[in-house]
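Student: The following block contains the structure, expressed as structure tokens.
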Amino acid sequence: MLVLALALCGFVDYATGHEVSVFGLYVIPILLSMRFFGTWAGGTMALLSAIVWLVADQQSGHHYSHPWFAYWNALHRLFFFACVVAVFHHIRAAMKTNARLLNAFSAPLPVCTHCHRIGAGNGYWQKFENYLGEHAGAQTVSKVCPDCARESYAKAGVVERASHR
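Quick note, in numbering that gives the first Met the number 0, the sequence shown goes up one by one and the last residue is 164.
Set out below in structure tokens:
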């Protein structure tokens, strides 16, 4: 199906001649191949698209002052198509990462009321700091909040001093 889409792009390119550029149409089969078969398929389709563009350009009667100009232009098309593959790959990777993070923190998390560990869903319970680091890539820094500090000092018998502001 995708090869037919690429062939259709080549036919439209051939039919319109060298005066009208339709090379943006080649992006459609490239993106579809990436969507259904992954990045390598997109790269392969990018290479095939550059070849089909070159054949359509030559068959439409486009003559260059130097024969290597056609190959140079095909190389530029290939570079553009490869950039499309790279950008789409990075967008998909970012979307997967964001979906994983959203899933990790939007679903109900079982928290032990005694030790405050989080049920990871695989039968293991882990500290919140570890869960946060594993699922969000965050590093935690151990601190004592003012309320806990006052409570600890009160239990130890330390009297709070008035501040000198």
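Beta carbons: idealized from backbone N, C-alpha and C, even for Gly.
Nothing here was measured: the structure is a model prediction, and the numbers come from that model.
Can you give the Cα-Cα distance for residue 49 and residue 65, rounded to whole angstroms?
Tutor: Taking the CA atoms as reference points, residue 49 sits about 19 Å from residue 65.
Student: Determine the DSSP secondary structure at residue 41, reduced to helix, strand or coil.
Tutor: helix
Student: Going by DSSP in three states, residue 58 sits in which element: helix, strand or coil?
Tutor: helix
Student: Look up residue 2 in the DSSP assignment and say whether it is helix, strand or coil.
Tutor: helix
Student: Considering only residues of the segment 110 to 144, which uninterrupted alpha helix (DSSP H) runs meet the minimum length of 4 residues and lie entirely inside it, listed in chain order?
Tutor: 127 to 135
Student: Within 10 Å of its beta-carbon, does residue 74 have 16 or more other beta-carbons around it, so buried, or fewer, so exposed?
Tutor: exposed
Student: Hey, could you find the ends of the alpha helix (DSSP H) residue 88 is sitting in?
Tutor: 67 to 105
Student: For residue 58, which residues in the same chain have their Cβ closer than 6 Å to its Cβ, ignoring the five residues on either side in sequence?
Tutor: Exclusion of the five residues before and after residue 58 leaves 13 as the residues of its chain whose Cβ lies within less than 6 Å of its Cβ.
Student: Could you tell me the distance, in whole angstroms, from the CA atom of residue 31 to the CA atom of residue 92?
Tutor: Take the alpha-carbon of residue 31 and the one of residue 92: they are about 16 Å apart.
Student: Could you tell me whether the segment 70 to 86 touches the segment 18 to 27, where touching means 3 or more Cβ pairs closer than 8 Å?
Tutor: Touching, yes.
Student: Grouping DSSP H, G and I as helix and E and B as strand, with all else coil, what is residue 156?
Tutor: coil
Student: Of all the options 117, 45, 21, 147, which has the alpha carbon lying nearest to the alpha carbon of residue 220?
Tutor: Not covered by the structure: residue 220. The range shown for the chain is 0 to 164.
Student: Could you give the distance in angstroms between the alpha-carbon of residue 103 and the alpha-carbon of residue 117?
Tutor: 12 Å
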